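Comments concern the structure below.
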Amino acid sequence: MTGNYKMIAPALDLFFIEKDELKDQPLYRRDALDFTRHFLESRIDHYVKEAIIALETDNVAAQDLAIVKVKNIMTDLDDLLSASPEHSLSDWLIKAKKYGVNKDEENQHIKTARQIVTIWGEGLNGYAIKGWHGMIKDFYLQRWLLHFDNVRSGNAKKNDISLFETQWVNSASIPKIKKNINVVAECYRLFEKYSRGN
92 MTGNYKMIAP ALDLFFIEKD ELKDQPLYRR DALDFTRHFL ESRIDHYVKE
142 AIIALETDNV AAQDLAIVKV KNIMTDLDDL LSASPEHSLS DWLIKAKKYG
192 VNKDEENQHI KTARQIVTIW GEGLNGYAIK GWHGMIKDFY LQRWLLHFDN
242 VRSGNAKKND ISLFETQWVN SASIPKIKKN INVVAECYRL FEKYSRGN
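Now the structure itself:
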């Protein structure tokens with residue numbers, strides 16, 4: 092998750108000037124989601140860096156603030172992406188499940204599909220990172236929170252992150268997609284919320 096939100100924000104300000112006129116156009120909706128996703132990812136990146144610096148300097152108040160910001164933005168981004176099948180873990184897992192001829196095979200295909208987008212093996216975990224609904228909040232955020240907790244406690248092994256990753260991969264659950272999201276309105280709301288320093 093990279094990018095300079097201070098450079099992206101003025102462009103989004105201009106982009107959203109036409110939101111009321113173009114909100115029903117499929118390509119505008121697609122661009123709104125992609126641009127907002129990139130903006131929110133850059134905000135996440137900013138606060139993750141702030142959290143790491145605060146952890147290194149033992150600034151507890153700054154740690155708490157930055158970690159809350161990371162949690163809030165990642166949760167909002169995950170919810171937003173549920174409106175788009177192409178940004179969805181659910182869509183990926185449903186397609187994988189269809190290749191199974193019985194329950195055991197369905198579960199195995201789901202597990203394999205989860206593994207492909209997360210933990211490939213020693214040295215390659217995170218290689219296929221996906222900014223998808225069902226992964227940002229449930230996988231990446233939880234992994235960051237475990238890491239932050241380990242650093243804050245001074246015990247690098249307090250929370251076994253690799254165990255969490257394995258348990259997540261082994262789950263046969265499929266995240267629910269939120270329907271009836273007004274994509275452009277929600278993109279604009281989140282842009283306004285996080286472009287003002289929130």
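Using this note's numbering, you'd call the opening residue of the sequence shown number 92 and step up by one each time.
Ideal Cβ placement from N, Cα and C applies to all residues, glycine included.
The structure displayed is predicted, hence computed values, not measured ones.
With a cut-off of 8 Å on the beta carbons, I'd call M165 and I135 a contact; round off their distance for me. 6 Å
With a 10 Å radius around its C-beta and 16 neighbouring C-beta atoms as the bar for buried, classify Q116 as buried or exposed. With fewer than 16 Cβ atoms within 10 Å of its Cβ, Q116 is classed as exposed.
Look up S253 in the DSSP assignment and say whether it is helix, strand or coil. helix
Checking 8 Å against the spacing of the C-beta atoms, do C278 and L124 come in under that value? yes
DSSP puts H224 in a beta bridge; with which residues? S179
Using only the alpha-carbon positions, how far apart do D149 and T127 sit? Roughly 32 Å between the two C-alpha positions.
Are the Cβ atoms of S173 and I268 separated by less than 8 Å? yes
Going by C-alpha distance, which of S286, V161, S262 and N261 is nearest Q233? V161
Environment of S175 [buried if 16+ CB atoms lie within 10 Å]: buried
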